[in-house]
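Student: Residue numbering for the sequence shown follows the working numbering, beginning at 20 and increasing consecutively.
What follows is a single structure, and I will ask about it in a moment.
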Amino acid sequence: VTTISKDGKHNAAPMGVVRRDDSLLIRMFPGSKTLQNVRDTRVLVANVMPDPMAYVISAFGDLDESMFVLERGLIPPKLKDAWAWAYFTCAVGPSIKLTPVRAHVARTKPPAYSRGFAAVIEAVIVGTRLRFYKDDEGTRKILEYGTIVDKCGAPRDIEAFKKLKEILKID
Ligand SMILES: Cc1cc2nc3c(=O)[nH]c(=O)nc-3n(C[C@H](O)[C@H](O)[C@H](O)COP(=O)(O)O)c2cc1C
20 VTTISKDGKH NAAPMGVVRR DDSLLIRMFP GSKTLQNVRD TRVLVANVMP DPMAYVISAF
80 GDLDESMFVL ERGLIPPKLK DAWAWAYFTC AVGPSIKLTP VRAHVARTKP PAYSRGFAAV
140 IEAVIVGTRL RFYKDDEGTR KILEYGTIVD KCGAPRDIEA FKKLKEILKI D
């Protein structure tokens, strides 16, 4: 999800868009820049991203500014390599309710399942929630996902997982 702060700074973070019949929402936990930006600006873009590295970097830090692209007449920016994107206005409540404004599918492919990509994403989720695990349980989970990434991952998955371990200082 890409957002913009009230002083114009771009942000990206992985977020789960949930569909309930005909409504769309995101449950945002307190404390993220994304939630703050949405509270302040009431807009966001959902980007469909194929690159596991984008999840790793944006979950823990900032994507390079060159990754953000402005779509004519719309804020905030979308992501350069998104296969699809949708602009939403947001109603802020216990969850963020999304109303679509404009959407575009730039690229598609048959939905072949990738265990390697999925394992990177699961490991990033655990990484963002490490403080909720007992002792080194979270770290051990991440390393288990690592064995799947090694076995089934594409080179970009392996690179993204390596970056994740660097960020989290896991050997
Ligand atoms: C695949 C994935 C999905 C996520 N979904 C959510 C979500 O739905 N809601 C949420 O609050 N955080 C979610 N997170 C965690 C946020 O991405 C994480 O807290 C991030 O640091 C927020 O970044 P920000 O401060 O730049 O907004 C998700 C993480 C991953 C990897």
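Ideal Cβ placement from N, Cα and C applies to all residues, glycine included.
1. Tell whether a beta-carbon distance below 7 Å holds between Ala137 and Leu183.
2. Classify Thr118 as buried or exposed, calling it buried when 16 or more other Cβ atoms lie within 10 Å of its own Cβ.
3. Closest by CA to Thr22, which one among Asp70, Ser77 and Lys160?
4. Please name the residue, chosen from Arg38, Lys28 and Val64, that lies closest to His123 on a Cα-to-Cα basis.
5. Taking 6 Å as the limit between beta carbons, can you name the residues of its chain near Lys99, skipping five residues before and five after?
6. Among Glu90, Val37, Val36 and Val20, whose alpha-carbon lies nearest the alpha-carbon of Asn30?
7. Comparing C-alpha positions only, which one of Ser51, Asp155, Leu149 and Phe180 sits nearest to Ile167?
8. With 16 as the cutoff for other CB atoms within 10 Å, does Phe48 come out buried or exposed?
9. On a Cα-Cα basis, can you pick out the residue from Ile161, Val111, Arg175 and Cys171 that is closest to Asp190?
10. Just to confirm, are Val111 and Arg58 a CB contact at a threshold of 7 Å?
11. Alpha helix (DSSP H) containing Thr147: first to last residue?
12. Met68 and Ala101: beta carbons closer than 7 Å?
13. Which residues, in chain order, sit with a beta-carbon under 6 Å away from any heavy atom of ligand 1?
14. Judging by CA-CA distance, which residue of Ser51, Gly27, Lys116 and Ala105 is the nearest neighbour of Asp40?
15. I'd like to know whether the C-beta atoms of Asp176 and Gly146 end up nearer to each other than 7 Å.
16. Does DSSP put Ala31 in a helix, in a strand, or in coil?
17. Give me the Cβ distance between Arg1 and Cys109, rounded to the nearest whole Å; I'm assuming they're in contact under 8 Å.
18. Taking only the alpha-carbon atoms, compute the straight-line gap between Ala103 and Arg126 and give it to the nearest angstrom.
Tutor: Concretely, from the data shown:
1. no
2. exposed
3. Ser77
4. Val64
5. Met86 and Val88
6. Val20
7. Phe180
8. exposed
9. Ile161
10. yes
11. Arg134 to Thr147
12. yes
13. Asn30, Ala32, Pro33, Met34, Gly35, Ile45, Arg46, Met47, Phe48, Ser51, Lys52, Thr53, Tyr74, Ala78, Ile140, Val143, Ile144 and Thr147
14. Lys116
15. no
16. strand
17. No information on residue 1 is available, as it lies outside the stretch 20 to 190 that the chain covers here.
18. 7 Å
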